[in-house]
Amino acid sequence: MKNNFYFIKFLIFNTFLFFIFFALNFAKAQPEVYTKAVQMAQSGKPQDGLNLLKTELDADTQNTELLYYTGFYLEQLKNIPKAVELYKEAIKIDKTNFEANYRLGFLYEKVDSIQQAFDFYKTALLYAPTTPKTEKNTILTRLIFLSDNIKKYDKEALKYANQYLKNEQIDNIPAPVALSLANIFYQNTEYEKAQKLTKSILEKTNSNAYPIQKAAFIYTNCAFRLQDLDGMKTYYARIKDEKLKLELENTAPLYYYNLGYVYFFMYDFDKSLRYLKTALTIKPDYSPAQIFINQVEGRKDDKSDVINFLRRKVEYSKEKNAAYYADLTRLYVHEKRYNEAIKVADSCLRLEPNRHDVYFLEALSNYKTARDKEGINVLKQLFIAFPKLENEDHSKYYFLLGLLYKRSKNYGEAKKAFKQAGRGIFEDAAQWELSKLRE
Numbered sequence: 001m002k003n004n005f006y007f008i009k010f011l012i013f014n015t016f017l018f019f020i021f022f023a024l025n026f027a028k029a030q031p032e033v034y035t036k037a038v039q040m041a042q043s044g045k046p047q048d049g050l051n052l053l054k055t056e057l058d059a060d061t062q063n064t065e066l067l068y069y070t071g072f073y074l075e076q077l078k079n080i081p082k083a084v085e086l087y088k089e090a091i092k093i094d095k096t097n098f099e100a101n102y103r104l105g106f107l108y109e110k111v112d113s114i115q116q117a118f119d120f121y122k123t124a125l126l127y128a129p130t131t132p133k134t135e136k137n138t139i140l141t142r143l144i145f146l147s148d149n150i151k152k153y154d155k156e157a158l159k160y161a162n163q164y165l166k167n168e169q170i171d172n173i174p175a176p177v178a179l180s181l182a183n184i185f186y187q188n189t190e191y192e193k194a195q196k197l198t199k200s201i202l203e204k205t206n207s208n209a210y211p212i213q214k215a216a217f218i219y220t221n222c223a224f225r226l227q228d229l230d231g232m233k234t235y236y237a238r239i240k241d242e243k244l245k246l247e248l249e250n251t252a253p254l255y256y257y258n259l260g261y262v263y264f265f266m267y268d269f270d271k272s273l274r275y276l277k278t279a280l281t282i283k284p285d286y287s288p289a290q291i292f293i294n295q296v297e298g299r300k301d302d303k304s305d306v307i308n309f310l311r312r313k314v315e316y317s318k319e320k321n322a323a324y325y326a327d328l329t330r331l332y333v334h335e336k337r338y339n340e341a342i343k344v345a346d347s348c349l350r351l352e353p354n355r356h357d358v359y360f361l362e363a364l365s366n367y368k369t370a371r372d373k374e375g376i377n378v379l380k381q382l383f384i385a386f387p388k389l390e391n392e393d394h395s396k397y398y399f400l401l402g403l404l405y406k407r408s409k410n411y412g413e414a415k416k417a418f419k420q421a422g423r424g425i426f427e428d429a430a431q432w433e434l435s436k437l438r439e
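Take 1 as the starting number for the sequence shown in full-length UniProt numbering and just add one per residue.
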């Protein structure tokens, strides 16, 4: 109940901001007839004011300014259907009437007609004057709130968020707007922006209202995704809601576990161990990380005796067995003997081309020896030969392709590859690599 009370206060503040914005931003020179009508309404004769406006409108039915102000007058009299009718008439005559489009968006939003609200807001934004910037930002604010409220975090919402941020200093953004912006950026993995916005909220208040706790939650989530372990502790204590705390306690160590898992399969054991140990730092009793650490350390053991055994079996075998070559390739990669791994992988694939795991090991060996072009070509052959792969294999191979393109500075192709890789347990690592790409 307490959280609900704080949230209601938050929404009231949001609505209060809207009316301030409308009064300040959309104020312009009003027609004299409208001013007189308002004076009549204020003196207790609202119908006389309406009759005056109707008389003027009957004499000039194509006057979009009169249509808008008569509609606005009717809106204040709670005659919403007639107001909507006049606003629509105004934009039928002149679709660039951004005030009428805005009011229609606002009225449709109030009755939860979301798609129509979006359509009118977008049209209003299209024709809003560039100066003063506050008029455009008022419309952007509604689009941002609406996107956040219905959890619409697509590219369009991100575009509006970036447009708004270009026009405003972060420290000047009202807290409700900043929180919705932060949520949009967070959902689109733009963690630096989300963290800055939530920091601006948290620095200005000591409140423990639920929206403030949500800001602390987003800030802390961004911190561990940016691998900022100190930042994880900064505002964590301000999160009181048990559901939010539980989500963080489960998500943060899992995130680093996922990274450790991915880099383990990239044969980057040092990085894998670092991430797995970070998961344990966050949650010392996180048993999956400890189990995996034991596996990683085991994989680092010397395999030279096994390699020599397999090599002798291959040399003395009358029948050249692709399985031997595949095992030998894998063991050479473990031993970081990448040039030998490439040669053995070629032999294996000549005998048995139907081995996507060996294609991967050859591409990985090329990556480890900075032969990026060769590694990319091997993976391209793999994708042609195996158009349908299991989800984890698909993600693993595209993740390696992304690393190869990234080091080659082909950031456009790297971005495409990491997006293809962003499935299942690879999602967090792919998003991390995407966040570090330079376009």
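Note that CB positions come from ideal geometry on N, CA and C, so glycine has one too.
Membership of E392 in the alpha helix (DSSP H) is indicated by the continuous run N391 to R407.
At least 7 Å separates the beta-carbon of G402 from that of F386. A direct Cα-to-Cα measurement between T96 and Y186 gives close to 34 Å. When T35, L143, K240 and E65 are compared, the shortest CA-CA separation from N208 is found for K240. One thing to note: R238 has its Cβ no nearer than 7 Å to the Cβ of A223. Around the Cβ of D171, a 10 Å sphere holds fewer than 16 other Cβ atoms; the residue is exposed.
The continuous alpha helix (DSSP H) containing V38 extends over residues E32 to Q42. For S287, the three-state secondary structure derived from DSSP is helix.
Non-local beta-carbon contacts of N167 in its own chain, meaning distances under 6 Å to residues more than five positions away in sequence, involve K133 and N137 in chain order.
The C-beta distance from Y153 to L181 rounds to 11 Å, too long to fall under 8 Å, and the pair is not in contact. C-alpha of K343 to C-alpha of F399: approximately 23 Å in a straight line. In this chain, the alpha helix (DSSP H) harbouring N339 covers Y338 to L351. In the structure shown, F106 falls within a helical segment according to DSSP collapsed to helix, strand and coil. Membership of N79 in any alpha helix (DSSP H) is not indicated, and neither H nor E is assigned to it by DSSP. Cβ-Cβ distances below 8 Å link N377 to nothing in the same chain once the five nearest sequence neighbours on each side are left out. Burial state of Q195 is buried, judged by a 10 Å Cβ sphere holding 16 or more other Cβ atoms. Distance from the CA of L349 to the CA of Y325, rounded to the nearest whole angstrom, comes to 9 Å.
For E135, the uninterrupted alpha helix (DSSP H) segment begins and ends at K133 to N149.
For N221, the enclosing alpha helix (DSSP H) stretches over residues Y210 to R225.
Shown here, P174 sits in coil according to DSSP, grouped into three states, outside any helix or strand.
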